[in-house]
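Enquirer: Quick one: the structure is below, questions incoming.
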Amino acid sequence: MARRSLQVLTIAALAAGCAAPPPPSVQRLVAHGAAADAAGTLVVLDVCLNHSPLVQGDYFVVAEARQGASALEQATRQFLDAADMRSRTTLIPFVCGALHDTANTPKRIADAIDGEVSERAQPLWVAPELAADAEYVNALQTLATHVFRRSVTSYDKDKPPPPEATGTEAAADDERARRAAAVVVQRSGRTSLLYVGVTGHSLSAGKATASVVVRAAAAMAMTVAIGPVFTAAGSSYHVVFVPGGPVDKRQMAAGLYDLKQGQLVNSRVVGADGDPMKPEVLAERNGLNLLLRDLLLTTAR
């Protein structure tokens, strides 16, 4: 970030009364842990966007999710380049890969906003270059689901953990992830997997206008309850799971999985406002820094 831009951002954040300043540049940090292994990291990006029209029921969209994933890939690439994490492969293998429910019941989906709505089980879209390798796609989806659920569970303290996160179910879930990891190692040659998943909810223009008062009340209640980590570029970021509500929002979850050891090393969840249907919102740098910095990096010595 240019010096002038950094100064403007810092002044804006202080003027907004934020609880902490924006995160420092990643150029002062280096990879640590599983992310530093010479064999490199497989980066999996998984975007899942839900659209809420004015009169019809909510549905997921594919085209906007893919556009957002592409923008997120570019921003993630810049972050990893700055951290000198160059031994990696980046994949956008699917849309809505991490399962929302164990039974994987069909979800309402359209190819794009205002398109024809149908029903489909997850993943809602698979990259054509991977579609022929069902075993690899299934393995990536298994790990995406495992990392996403464990990441969210660790931050969503107000809800009981899902069955697969405790007791014998947890052991079975861990074993499924380890079997999937073996497949991913064989296909990719990498020894760690960085999962970055974004789930977003976007209101139609009409519904957004109708919910201005609710939106303001929800934002105020959120700030009073947990306080913003910091405010920058017009967005407030929170290191928590943000529950549903009548507002444009996104939740970003990331986890680093050691494919050799078969275990989730660390995870982080960040909630933020902004319309996730806009690719530039998903690629916003401050949220990505907050999500990935402490997960992947340590201060250079």
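Residue numbers for the sequence shown follow the numbering used here, beginning at 2 and rising by one.
A virtual CB, placed ideally from N, CA and C, is assigned to each residue, including glycine.
(1) Going by beta carbon distance, what residues of the same chain come within less than 7 Å of serine 119, once the five residues before and after it are set aside?
(2) Starting from alanine 273 and walking both ways along the beta strand (DSSP E), at which residues does that stretch end?
(3) For leucine 297, does the count of other Cβ atoms within 10 angstroms reach 16, so buried, or fall short, so exposed?
(4) With a 10 Å radius around its C-beta and 16 neighbouring C-beta atoms as the bar for buried, classify aspartate 102 as buried or exposed.
(5) What residues in its chain sit with their C-beta under 8 Å from that of asparagine 105, if we drop five residues either side in the sequence?
(6) Exposed or buried, which one is alanine 36 when buried takes at least 16 other CB atoms within 10 Å?
(7) With leucine 204 as the anchor, note down where its beta strand (DSSP E) starts and where it stops.
(8) What are the boundary residues of the beta strand (DSSP E) that includes glutamine 123?
(9) Leaving out five residues before and five after alanine 39 in sequence, what residues of the same chain have Cβ atoms less than 8 Å from its Cβ?
(10) What is the C-beta distance between tyrosine 137 and valine 96, in whole angstroms, given that I count them as a contact (C-beta under 8 Å)?
(11) Go through its chain and collect everything with a Cβ distance to proline 94's Cβ below 6 Å, but skip five positions before and after it.
(12) Can you name the residues that DSSP bridges to aspartate 59?
(13) Does aspartate 249 pass the burial test, meaning 16 or more other C-beta atoms within 10 Å, or should it be called exposed?
(14) Can you list, in chain order, the residues of its chain whose CB lies under 6 Å from that of methionine 278, leaving out five sequence neighbours each side?
(15) By the DSSP assignment, the alpha helix (DSSP H) with asparagine 287 in it spans what residues?
(16) Within 10 Å of its beta-carbon, does glutamate 281 have 16 or more other beta-carbons around it, so buried, or fewer, so exposed?
(17) Does the Cβ of leucine 7 have 16 or more other Cβ atoms within 10 Å, making it buried, or fewer, making it exposed?
(18) Count the other CB atoms within 10 Å of the CB of alanine 133; is the residue buried (16 or more) or exposed (fewer)?
(19) Is histidine 147 helix, strand or coil by DSSP?
(20) Can you list, in chain order, the residues of its chain whose CB lies under 6 Å from that of cysteine 49, leaving out five sequence neighbours each side?
(21) Can you round the beta-carbon distance between valine 197 and alanine 255 to whole angstroms, since I take them to be within the 8 Å contact cut?
(22) If you reduce the DSSP assignment to three classes, tell me which class leucine 81 lands in.
(23) Taking one C-beta from the segment 53-62 and one from the segment 259-270 each time, how about it: are there three or more such pairs within less than 8 Å?
Expert: In short:
(1) Ile110
(2) 264-274
(3) buried
(4) exposed
(5) Ala122, Gln123
(6) buried
(7) 193-204
(8) Segment: none, glutamine 123 is in no beta strand (DSSP E) and carries neither H nor E.
(9) Ser88
(10) Incorrect: roughly 16 Å between the Cβ atoms, too far for contact.
(11) Ala128, Leu131, Leu141
(12) None; aspartate 59 has no bridge partner.
(13) buried
(14) Glu65, Ser203
(15) 286-297
(16) exposed
(17) Caution is warranted here: a pLDDT of 37 is assigned to leucine 7, below 50, making its placement in the model unreliable, and the coordinate value is therefore given only provisionally. Leucine 7 should be labelled exposed.
(18) exposed
(19) helix
(20) Cys97, Thr200
(21) 5 Å
(22) helix
(23) no
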